[in-house]
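What follows is a single structure, written as structure tokens, with notes after it.
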Amino acid sequence: MHNTTALLIELGAIILALGLLGRLAGRVGFSPIPLYLLAGLAFGHGGILPLTASEEFVATGAEIGVILLLLLLGLEYSASELVTSLKTQYPSGAVDFVLNALPGAAAALLLGWGPVAAVALAGVTWISSSGVIAKVLGDLGRLGNRETPVILGVLVIEDLAMALYLPILTALLAGVSLAGGALTLVISLGTVGAVLYVALRHGRLVSRAVSSDNAEMLLLVVLGLTLLVAGIAQHLQVSAAVGAFLVGIAVSGEVAEGASTLLTPLRDLFAAVFFVFFGLSTDPADIPPVLVPAVLLALATALTKVATGWYAARRAGIHGAGRWRAGGTLVARGEFSIVIAGLAVGVEPRIGPLATAYVLILVVIGPLTARYTEPLSRVFTRRRKTTQPSTAAPAPASAEAARADSLTVDA
Numbered sequence: 099m100h101n102t103t104a105l106l107i108e109l110g111a112i113i114l115a116l117g118l119l120g121r122l123a124g125r126v127g128f129s130p131i132p133l134y135l136l137a138g139l140a141f142g143h144g145g146i147l148p149l150t151a152s153e154e155f156v157a158t159g160a161e162i163g164v165i166l167l168l169l170l171l172g173l174e175y176s177a178s179e180l181v182t183s184l185k186t187q188y189p190s191g192a193v194d195f196v197l198n199a200l201p202g203a204a205a206a207l208l209l210g211w212g213p214v215a216a217v218a219l220a221g222v223t224w225i226s227s228s229g230v231i232a233k234v235l236g237d238l239g240r241l242g243n244r245e246t247p248v249i250l251g252v253l254v255i256e257d258l259a260m261a262l263y264l265p266i267l268t269a270l271l272a273g274v275s276l277a278g279g280a281l282t283l284v285i286s287l288g289t290v291g292a293v294l295y296v297a298l299r300h301g302r303l304v305s306r307a308v309s310s311d312n313a314e315m316l317l318l319v320v321l322g323l324t325l326l327v328a329g330i331a332q333h334l335q336v337s338a339a340v341g342a343f344l345v346g347i348a349v350s351g352e353v354a355e356g357a358s359t360l361l362t363p364l365r366d367l368f369a370a371v372f373f374v375f376f377g378l379s380t381d382p383a384d385i386p387p388v389l390v391p392a393v394l395l396a397l398a399t400a401l402t403k404v405a406t407g408w409y410a411a412r413r414a415g416i417h418g419a420g421r422w423r424a425g426g427t428l429v430a431r432g433e434f435s436i437v438i439a440g441l442a443v444g445v446e447p448r449i450g451p452l453a454t455a456y457v458l459i460l461v462v463i464g465p466l467t468a469r470y471t472e473p474l475s476r477v478f479t480r481r482r483k484t485t486q487p488s489t490a491a492p493a494p495a496s497a498e499a500a501r502a503d504s505l506t507v508d509a
């Protein structure tokens, strides 16, 4: 069969399968990410029916998917929102990092994977899935809840931290020296700071420069600018994803809304291709050896995310049930964990299977913890109250008895 013919057949089959899996996930009521990963495992190396003709095209589509994921994420935030979240939520962000990144780093070191893999696995366990969490909040009707701004604040801090974390990880994976890594970090910090400054002071000018009443022109300008900046960022070892995220931040207002509407279908398509590609590049036979560590890590970091949300909601003055809802909602991992693992597989191939199993577990558990953590906490609290013995002293039978006790003590 001609290469072009085989390419078209395989691509058509992949996209059709993605559509059917997405519809199935929508009917069941959970994220399609695990189904995309499973499809990739089924048709990748060591799977049921390996795809070869379209592998190179799918790899390019996967890179575009990551760029569009970060661009759309940046379009959701304005520079002022990022600065405000950074000022108010940084203690929660620090707790989030300590509680959720350290287990991943410790697991990599215990498995003997080395310090670079430890930095990568720390990112895998640290970052929650903004896409899955946003969908869960909408499905549960919690967008107006008091704890929702706290959840979004934690996610914003994580997303902003990615702009610093990804360049560091990229430099480490490339084997850059300490001086080179420090230079990369300085470039990244300077770039992020410059973009935030321009967006705060001159955001209207940037938005006006890319604005167009013609949807086609707006799509071409924003997409072309994003790919150009992402390529330059990749050349500077700052990470293409960070470059796309910064473009999204720089564009604001009605232009950002219009671009988001136009690019969302493209993002969904190429993001699905990315998850499939990650599954294609993972041999299913490599998952059983890392399944036990993945399960233990998933359980541990599910608990630490609950603790993170509980702490962040407590800092915001939210009481009782809202704290538990915030914690349960943050459990899901997804797109960023896979992005980080995809970068690191060249250094430690076992990160890919571990991250796949880890994300599969938490992307399924995440919606369940969001729904049931708070009811379970009520049941636990009620049982503890009923089983706890009363320590209060018994009241006197009458006023006369009380007066007699008092006289006895005085005597």
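Each number in the numbering used here corresponds to the 1-based position in the sequence shown with 98 added.
Note that the Cβ used here is the ideal one computed from N, Cα and C, for glycine as well.
Nearest CA to the CA of residue i: which residue from the options?
i	options	result
V248	A411, R423, V457, W422	A411
A192	A259, I231, F376, T246	A259
V304	I162, V349, G450	V349
V404	V252, S286, E314, A370	V252
R448	R413, T380, A292	T380
A177	A354, L360, A424	A354
G444	V429, L360, L267	L267
I113	T324, V437, L364, Y175	L364
K185	I231, I255, V126	I255
T362	F128, L241, E174, A137	E174
V340	A383, L105, L167	L167
G239	L474, G117, P465, F478	P465
P386	G450, T246, L367	G450
N101	A123, F155, G142	F155
G212	Y295, R480, L270, V284	L270
A338	P265, Y470, G127, V181	P265
T182	L316, L250, P201, R125	L250
V462	G163, R423, A272, I231	I231
S475	G273, R421, L367	R421
G242	L316, E446, A424, Y295	A424
G163	R306, A342, A297, G210	A342
D384	H333, L428, E446	E446
Looking at residue j and residue i, is the spacing between their C-beta atoms short of 7 Å?
i	j	result
L208	T402	no
A416	R244	What sits at residue 416 in the sequence shown is Ile, not Ala. In this structure, R244 lies closer than 7 Å to I416 by Cβ.
V222	A261	no
A215	A199	no
I165	A328	yes
L135	G377	yes
L460	R431	yes
A468	V217	no
L109	T324	no
R419	E352	One point to set straight first is that residue 419 is Ala, not Arg, in the sequence displayed. The answer is no: Cβ separation not under 7 Å.
L119	P130	yes
G172	G346	yes
A205	L395	yes
V393	A357	no
L133	A140	no
A313	L360	yes
D194	T406	yes
A293	L326	The sequence shown places Val at residue 293, rather than the Ala named in the question. No, they are not a contact pair.
A137	A115	yes
How would you write the range of the alpha helix (DSSP H) that residue i sits in, first residue to last?
i	result
A269	246-271
I385	First-last for I385: undefined, no H or E at that position.
V345	338-348
H333	313-333
R421	419-427
F128	Unbroken run through F128: none, as it is neither H nor E.
D381	That residue, D381, is in no alpha helix (DSSP H); it is neither H nor E in DSSP.
S435	433-442
I162	153-173
E446	First-last for E446: undefined, no H or E at that position.
A192	177-208
W211	Note, W211: premise wrong, no alpha helix (DSSP H); not H, not E.
L238	No alpha helix (DSSP H) contains L238, which DSSP labels as neither H nor E.
Within the present structure, is the beta-carbon of residue i separated from the nearest heavy atom of the ligand NAD by less than 6 Å?
i	result
R244	Questions concerning the ligand NAD fall outside what the structure shown contains, since it holds no ligand whatsoever.
Chain D beta carbons: is any one of them nearer than 7 Å to that of residue i?
i	result
P132	Here there is only one protein chain, and chain D is not present.
Determine contact between the region 366-373 and the region 159-173, defined as no fewer than three beta-carbon pairs at a distance below 8 Å. yes
Between the region 224-244 and the region 429-446, can you find at least three pairs of beta-carbon atoms closer than 8 Å? yes
I want to know whether the region 382-401 touches the region 455-474 - three or more CB-CB distances under 8 Å. yes
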